Amino acid sequence: MDLTKLHLHWGESSYQGKTYRTYSLARTYREDGKNRKEIVVKLGKLTDEEAKHWRDILQMSRRPDSFWTTLDDIVVRQHFTYLDAAVVNAIWDEWKLDDAFEETGRRDVDVSIIARILTINRCLDPMAKSRTPEWFSRTALPWMLDVSPDLVNPSRIFRELESIETRKEAICSHLYEKMLKESPESMRSVFYDLSTSTFSGSHCVLMKWGHCKEGYRNHVVLALVVNGDGLPFYWKVLPGGTADATTISLLMEHVRNRLAVSNMTLVFDRGMVSEENLALLEKDGVKYITTMDKSQMENISGIDFQHFASHDEEPAEELLSFFTKINDSTYYREVPGVENRRYILCFNPRLFSDQRRARRQVIAGFRNFLETMNRELLAAKHSRQHKATYEKFRRQLIKNRLNGFMDVNLTSVRSKISDKPEDFVNTYQATESIDDDKLKDAGRLDGFWLLTTNRVEKDENGFQLSPPDAIRPYREKVVIESAFRDIKSFVEIAPLYVWTEEHVRAHFTICVLAYLIDRTLTLRLHKKQGQATRDVVTHEKLYSVLSECQVDHILVKNAGISTCNMTEQTGAHKELLDRVGLIKILQSQVVDKMRAALSG
C-alpha cells in the first residue's frame with residue numbers, strides 16, 4: 116500500500132437522530148475523463164485527535180526526507196557551541212583583524228586563524244593553551260572557519276604564538292587606523308595606565324619578584340592605551356618591577372613613529388608623573404592631562420590648605436566659595452601655571468568625606484589591634500623587651516599611615532604566671548597617643564587633586580580647552596581601570612606552559628583582543644536597550660544567554676541517519692542579536708555544512 120497516493124476520506128450517516136462520521140483511506144484516479152475515488156482501507160469512527168494523526172502520517176509520507184522512528188531511536192550524540200561563538204567570530208570579522216596578519220599561503224592553518232581561535236576561546240571559555248584544541252573540536256568553529264579540528268593541536272598553537280607576537284605592532288597600527296577613521300571623537304583623549312599580573316610559568320624571563328598591587332609576587336607589567344570608549348589600540352608587556360615613571364619614555368619610543376600622537380591628548384595617572392616625563396611629552400608635541408602628587412600640591416598651587424585642617428566631615432560652605440562648581444562632586448579653581456603648562460586645583464566634597472571617614476575607620480582598626488595586643492601581652496609566659504614590643508605597634512602605625520599623628524606609650528607591668536611568688540614576667544601595656552593638631556593637619560588635603568595639562572592654546576575667549584573639559588577626561592579614566600579588571604580576569608586562567616618571552620607577550624595580545632571584542636559588544640548592548648533582554652548589559656550575560664543556542668549532532672538509530680540541527684532560537688536570542696547588530700548570522704549556512712559533513 117503506497118501511502119503517498121492516499122488521502123483521508125470521511126462521510127456522515129444518521130441513525131436514530133444522531134449523526135456519525137466515519138473515515139477511510141481513499142485513492143483518487145481518473146476514468147473515462149472523470150474523477151473517481153476508491154476506498155482502500157476503512158478506518159471507521161475516529162476522534163478528532165486520531166483523525167489529525169492520520170492526516171499527519173499521510174502528509175509526512177509525501178516528504179522524501181521523512182521516515183518512521185521512535186523516541187527511543189532518536190539520540191543526541193554531541194552538542195556543539197554555536198551562537199555565542201558565532202557572535203564573537205563576527206565581531207572579529209567586523210574589526211577586520213585578519214588584515215593585520217601577513218599570510219604566506221604556505222601554512223596548513225593561517226596565523227590569523229590560530230589567533231582568532233585563541234581569542235574566541237579567551238572570550239567564552241578561558242583555559243590553558245594546551246586544552247584549546249579539545250575545546251575547538253566541541254564548537255561549530257571548524258565549519259565556520261573551514262579548518263579541520265585535526266589541524267588545531269597544541270604543537271601548532273605554541274608554535275604560532277611567536278608568529279602572533281611578531282604581528283603585535285601591526286595589530287596595534289591596524290586598530291589605531293580603524294578607530295581613527297570610524298570614531299575620530301573617541302581618539303581625541305586616550306587613556307594610558309599600567310597594571311601587574313601574576314601567572315603560572317616560573318621560568319618566565321619577564322616575570323620578576325617585587326612589589327605589585329597583589330603584594331610581593333612574581334609578576335609582569337602590562338601597559339595599555341585605550342580610546343575614549345575604552346577600546347584598546349596599543350599595549351606593551353614589560354618586565355616585572357618596571358617603575359611606573361619610566362614607562363612613559365618606553366611608550367614614546369614605541370609609538371612616536373607609529374601613531375599620530377600629536378593629534379590626541381594622553382590621559383594618565385600621577386604614578387607616572389615626573390618632571391622628566393612631562394618634559395619628554397612636551398618635547399614630542401604630545402598633549403597630556405594628568406595629576407600631580409599630593410606632596411607637590413601646596414607648593415604649586417600656592418594655596419594655604421590649613422583652612423581645611425579640621426575634624427569636620429563636610430567642607431565648610433565659605434571655603435567652597437573660592438571654587439567654581441561643575442557638579443556636586445567636582446569644584447575647580449585654576450591656579451597660576453608656567454609658560455607651557457596649566458594647573459587646575461580640583462575638589463571633590465564626596466571624596467573629602469570618604470577620606471575622613473576612612474581615616475577614622477583606620478584609627479578604630481588600630482585601636483582594636485592595640486586591645487588585642489594588650490591581651491596577648493598580659494597572657495605572656497616570658498618577659499618582653501621594650502624595644503621589640505614598641506616596634507610591633509610602630510610597624511602597624513606605619514602600615515596604616517597613622518604614624519604622622521599617632522603613637523603608643525608603653526607602661527611596664529609585672530604579670531604573675533603561677534601562685535609562686537617568684538613566678539612572674541615583665542611585660543607591657545600600650546595606650547594610644549594622638550596629636551590633635553597633627554591629626555587635623557593630616558586631613559588638610561582631603562578631597563583635593565591637582566590636574567596639570569599642556570593644553571595651553573588660546574583664542575579671544577581664553578583657553579580653548581576649558582577647565583571642565585580638561586577635568587572630564589581624567590574623571591573618565593575609569594574606562595581603562597575597567598579594561599584592566601577584565602584583562603586580568605583572563606590572565607587568572609593560568610597559561611601553565613607559557614613561559615618564553617614571546618609566548619607571554621602573545622598571551623597578553625590574545626587577552627587584549629578578547630577584551631576588544633567584549634568591550635565592543637558591551638558598548639552595543641548599552642547603546643540599544645531591549646525589552647525582553649533589558650537586563651542583559653554585559654558581555655558575560657550576553658554569552659550566557661546565547662550559549663543556550665547550540666548545534667546538535669543527532670542520530671536516528673533505526674533509520675541509520677546522522678544529521679544536525681540548531682536549537683530553536685527564542686525571542687531573547689533574536690533580540691540580543693538585533694541589539695548587537697548581528698541578526699544576520701542566523702542566516703548562516705554553518706548548520707547546512709555541518710549536516711553535510713556529519714550525515715550518514
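If you use our numbering, the sequence shown corresponds to residues 116 to 715, in order. Positions of the beta carbon are idealized from the N, C-alpha and C atoms, including for glycine. In this text, all values refer to a predicted model and were calculated from it rather than measured experimentally.
Quiz item: First and last residue of the beta strand (DSSP E) that includes A545?
Solution: Position 430 of the sequence shown, counted from the first residue, corresponds to residue 545. For A545, the enclosing beta strand (DSSP E) covers residues 539-549.
Quiz prompt | Where S129 falls, given that 16 or more other Cβ within 10 Å makes a residue buried | solution = Start at 1 with the first residue of the sequence shown, and residue 129 comes out as number 14. Classification for S129: exposed.
Quiz item: Using the rule of at least 16 other Cβ atoms within 10 Å of the residue's Cβ for burial, across every protein chain shown, is L186 buried or exposed?
Solution: In the sequence shown, counting from the first residue as 1, residue 186 sits at position 71. The residue is exposed, with fewer than 16 neighbouring Cβ atoms inside 10 Å.
Quiz prompt | Residue burial classification, K402 (beta-carbon count within 10 angstroms, cutoff 16) | solution = Translated into positions along the sequence shown, residue 402 becomes position 287. Buried, by the Cβ-count rule.
Exercise. Mark D633 as exposed unless 16 or more other C-beta atoms lie within 10 angstroms of its C-beta, in which case mark it buried.
Key: As a working note, residue 633 is residue 518 in the sequence shown. Flag for D633 reads buried.
Quiz prompt | Classification of N342 by the beta-carbon crowding that lies within 10 angstroms, buried from 16 upward | solution = As a position in the sequence shown, residue 342 is number 227, starting the count at 1. With 16 or more other Cβ atoms within 10 Å, it is buried.
Self-check item: Rounded Cβ spacing between H688 and L198 (contact assumed at less than 8 Å)
Solution: Locating residue 688 in the sequence shown gives position 573, where the first residue counts as 1. Locating residue 198 in the sequence shown gives position 83, where the first residue counts as 1. So it is a contact: roughly 7 Å between Cβ atoms.
Quiz item: Under three-state DSSP, which class holds N268?
Solution: Sequence index remark: in the sequence shown, residue 268 carries index 153 (1-based). It is coil, neither helix nor strand.
Self-check item: Among W564, I586, I625, the one whose alpha carbon lies nearest that of K283
Solution: Numbered from 1 along the sequence shown, position 168 holds the residue referred to as residue 283. Minimum Cα distance to K283 is reached at I625.
Quiz item: If you check the beta carbons only, do K555 and G519 fall under 8 Å apart?
Solution: As a working note, residue 555 is residue 440 in the sequence shown. As a working note, residue 519 is residue 404 in the sequence shown. No.
Exercise. Could you round the C-beta distance between S684 and C664 to whole angstroms and report it? I think they count as a contact, below 8 Å.
Key: Within the sequence shown, residue 684 is the residue found at index 569, counting from 1. Within the sequence shown, residue 664 is the residue found at index 549, counting from 1. Here residue 684 turns out to be Gln, not Ser, going by the sequence shown. Yes, they are in contact, since the Cβ atoms of Q684 and C664 sit about 6 Å apart, within 8 Å.
Exercise. Measure the Cβ-Cβ separation of V652 and H641 and say whether it is below 8 Å.
Key: The residue you call residue 652 lines up with position 537 of the sequence shown. The residue you call residue 641 lines up with position 526 of the sequence shown. Yes; because the gap between Cβ atoms is below 8 Å, this pair is in contact.
Quiz prompt | Limits of the unbroken alpha helix (DSSP H) element including M379 | solution = If you number the sequence shown from 1, residue 379 lands on position 264. Looking at the DSSP string, M379 is not in any alpha helix (DSSP H), and its letter there is neither H nor E.
Quiz item: By DSSP, does I513 sit in helix, in strand, or in coil?
Solution: In the sequence shown, counting from the first residue as 1, residue 513 sits at position 398. Looking at I513 - three-state DSSP - the assignment turns out to be helix.
Quiz prompt | P347 - DSSP class collapsed to helix/strand/coil | solution = For the purposes of this step, residue 347 is taken as the residue at position 232 of the sequence shown. Per DSSP, reduced to three states, the secondary structure at P347 is strand.
Self-check item: Cβ neighbour criterion (16 or more within 10 Å) applied to F195
Solution: Against the sequence shown, residue 195 aligns to sequence position 80. Buried, because 16 or more other Cβ atoms sit within 10 Å of the Cβ of F195.
Quiz item: Are the Cβ atoms of A674 and F273 separated by less than 8 Å?
Solution: Mapped onto the sequence shown, residue 674 falls at position 559. Mapped onto the sequence shown, residue 273 falls at position 158. Not a contact, by the Cβ cut-off of 8 Å.
Self-check item: Whole-angstrom distance between I172 and E164, CA atom to CA atom
Solution: On the sequence shown, residue 164 is found 49 positions in, with the first residue counted as 1. On the sequence shown, residue 172 is found 57 positions in, with the first residue counted as 1. Inter-residue distance for E164 and I172 is about 12 Å (C-alpha atoms, whole angstroms).
Self-check item: Buried or exposed by the 16-neighbour rule on C-beta atoms within 10 Å, applied to Q191
Solution: Reading the sequence shown from its first residue, position 76 is the one you call residue 191. In the sequence under discussion, the amino acid at residue 191 is Val, which differs from the Gln named in the question. V191 is exposed by the Cβ-count criterion.
Quiz item: With respect to the beta strand (DSSP E) encompassing K152, which residues constitute its N-terminal and C-terminal limits?
Solution: Here residue 152 refers to the residue found at position 37 when the sequence shown is read from its first residue. Counting along the chain, the beta strand (DSSP E) containing K152 begins and ends at 149-159.
Practice problem: Please report the Cβ distance between I229 and L256, rounded to the nearest whole angstrom; I am assuming they are in contact, meaning their Cβ atoms lie under 8 Å. | Solution: For the purposes of this step, residue 229 is taken as the residue at position 114 of the sequence shown. For the purposes of this step, residue 256 is taken as the residue at position 141 of the sequence shown. Wrong, their Cβ atoms sit about 12 Å apart, outside the cutoff.
Practice problem: Please classify Y135: is it buried, with 16 or more other beta-carbons within 10 angstroms of its beta-carbon, or exposed? | Solution: Here residue 135 is taken as the residue at index 20 of the sequence shown, counted from 1. Exposed.
Practice problem: Find out if the Cβ-Cβ distance for the pair L118, S176 is shorter than 8 Å. | Solution: For this step, residue 118 is matched to residue 3 along the sequence shown. For this step, residue 176 is matched to residue 61 along the sequence shown. It is a contact, given that the beta carbons lie within the stated cut-off.
Self-check item: Contact between the segment 375-392 and the segment 303-311 (3+ Cβ pairs under 8 Å)
Solution: Yes, the segment 375-392 is in contact with the segment 303-311.
Exercise. Please list, in chain order, all residues of the same chain as D550 whose beta carbon is under 6 Å from its beta carbon, the five residues on each side excluded.
Key: Residue mapping note: residue 550 aligns to position 435 of the sequence shown, counting from 1. Once the five neighbours on either side are set aside, the close Cβ partners of D550 are F520.
Practice problem: Taking N442 and G562 to be in contact with their CB atoms under 8 Å, please state how far apart those CB atoms are, rounded to whole angstroms. | Solution: Taking the sequence shown and counting its residues from 1, the one referred to as residue 442 is at position 327. Taking the sequence shown and counting its residues from 1, the one referred to as residue 562 is at position 447. About 14 Å separates the Cβ atoms of N442 and G562, ruling out a contact at the 8 Å cut-off.
Quiz item: DSSP state of Q470, grouped into three classes?
Solution: By 1-based counting over the sequence shown, the position of residue 470 is 355. DSSP places Q470 in helix when its eight states are reduced to three.
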